[in-house]
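In this note's numbering, the protein residues as written are 1 to 316. Backbone N, C-alpha and C define an ideal beta-carbon position, used for all residues, glycine too. These notes concern the structure reproduced below.
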Amino acid sequence: MESGAAAAQDIVRILYAHTGKAHIVGITGSPGSGKSSLVNELAKAFRVDGRRVGIVAVDPSSPFTGGAILGDRVRMRDLSGDEGIFVRSMASRGSLGGLARSTMAVVKVLDAAGYDVILVETVGAGQAEVDIATSAHTTIVLEAPGMGDDVQSIKAGILEIADILVVNKADQPGANRTVKSLEMMLHLAMPPAIDDPAHRDAGHRDWVARGETAGRSDGWGVSVLQTVATTGTGVIELAAAVDRHREYLLATGGWTARERARSRSEIERLLRERFIDEMNARVPAEERAALISAVVERRMDPYAAADRLYSGLNFL
Ligand SMILES: Nc1nc2c(ncn2[C@@H]2O[C@H](COP(=O)(O)OP(=O)(O)OP(=O)(O)O)[C@@H](O)[C@H]2O)c(=O)[nH]1
Ligand SMILES: [Mg+2]
């Protein structure tokens, strides 16, 4: 599956009909926030009732930790020997900022092979974060204490992609403040779905204190959980939240909606890749370079250049 698009296409043709049963869970967060450690613990939590767990760890080429494939092996060492767990670490192979091309292909293999839950770890940076959110059923966004706790500094867009927010390293100073900031931000962005007077009159803090979760357009209440991945604290609760999200999606039609969104974005991605490949194959490199120069030198605008390339493909 990882050796190239042609091989992947052949394999997917055979196994695709057997996919669609697994719960695909994306785990994203800043480098070093504890994703691998948490994935390790989550996997064990899902094993308790006998479910089989697949793990795909993308971005071992993280410039921050270097050689993380080895690191992941060490961290996930206590999973080895369990036949119900399969771990695959893969390099992001140049698709910087995006999900590795073959990630979802590998997820399909695990799905077809009968893994019930597939955990996909990606470093939360720009496009990869968005990619995983459109590729997974449930997206967990990890934060660690002290990474700039004011509402402004928390990355914009996090709310659109997070189904569950986790403050990991809850054993470290400042964890409570990070939780508060996230809850505040959730509340500001997404007031409670049910608008009763009690909600309206209560201050943010009271609202948070009552343990309510924020509502959003699909009705799912995003909550903020705390974990200590190194000891497993809070992981049972996180696993339960993941299961609850799956049940919620199934009960509300959200599952089908996400499947549609997943399928559409995958088809579009394949189409884009194929289109670019086709263009590179049909238009000689010198010609493409000349077009780029023309745009750089303002002799041609980018739209005109794209037009030229597009018509050269004779698709119309
Ligand atoms: N104190 C504390 N340390 C933790 C916790 N979770 C992870 N760590 C430590 O944080 C470091 C990074 O953990 P990883 O699990 O590798 O983090 P990651 O997000 O997978 O890192 P990258 O994949 O390199 O982005 C390791 O030294 C862990 O032992 C936690 O809950 N508390
Ligand atoms: Mg990791």
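Between residue 162 and residue 139, the gap from beta carbon to beta carbon is short of 8 angstroms. Counting the other Cβ atoms within 10 Å of the Cβ of residue 176 gives fewer than 16, which makes it exposed. Straight through space, the alpha carbons of residue 44 and residue 5 are spaced by roughly 33 angstroms.
Under the three-state reduction of DSSP, residue 1 is assigned to coil, being neither helix nor strand. Below 8 angstroms, enough C-beta pairs join the region 27-41 and the region 226-243 to call them touching: three or more. For ligand 2, no non-hydrogen atom lies closer than 7 angstroms to the CB of residue 261. Secondary structure note for residue 88: its beta strand (DSSP E) is the uninterrupted segment 85-90. Here the alpha carbons of residue 115 and residue 50 stand approximately 11 angstroms from one another. In this structure, the CA atom of residue 111 is about 48 angstroms from the CA atom of residue 300. Note that the C-beta distance between residue 181 and residue 26 is not below 8 angstroms.
For residue 118, same chain residues with a beta-carbon under 6 angstroms away, outside a window of 5 residues either side, are 22, 24, 54, 107 and 110 in chain order.
Out of 261, 293 and 313, the CA that lies nearest to the CA of residue 276 is found in 313. If you keep only unbroken beta strand (DSSP E) runs of at least 3 residues inside the region 216-243, you get 223-226. Selection 227, 243, 226 and 236 evaluated against residue 220 yields 243 as nearest (Cα-Cα).
Within 10 angstroms of the beta-carbon of residue 131 lie 16 or more other beta-carbons, which makes it buried.
Where residue 56 is concerned, the enclosing beta strand (DSSP E) starts and stops at 53-58. DSSP places residue 283 outside both helix and strand once states are collapsed to three, so it counts as coil. Per the C-alpha coordinates, the member of 168, 223 and 236 positioned closest to residue 185 is 223.
Annotated as distal: residue 270 and residue 258, with beta-carbon spacing of 8 angstroms or more. The shortest CA-to-CA distance from residue 11 to any of 1, 17 and 20 is the one to 1. With a cutoff of 8 angstroms on beta-carbon distance, residue 289 and residue 305 are scored as not near each other.
Inter-residue distance for residue 144 and residue 30 is about 8 angstroms (C-alpha atoms, whole angstroms). Annotated as distal: residue 168 and residue 254, with beta-carbon spacing of 8 angstroms or more. Secondary structure of residue 119 (DSSP, three-state): strand.
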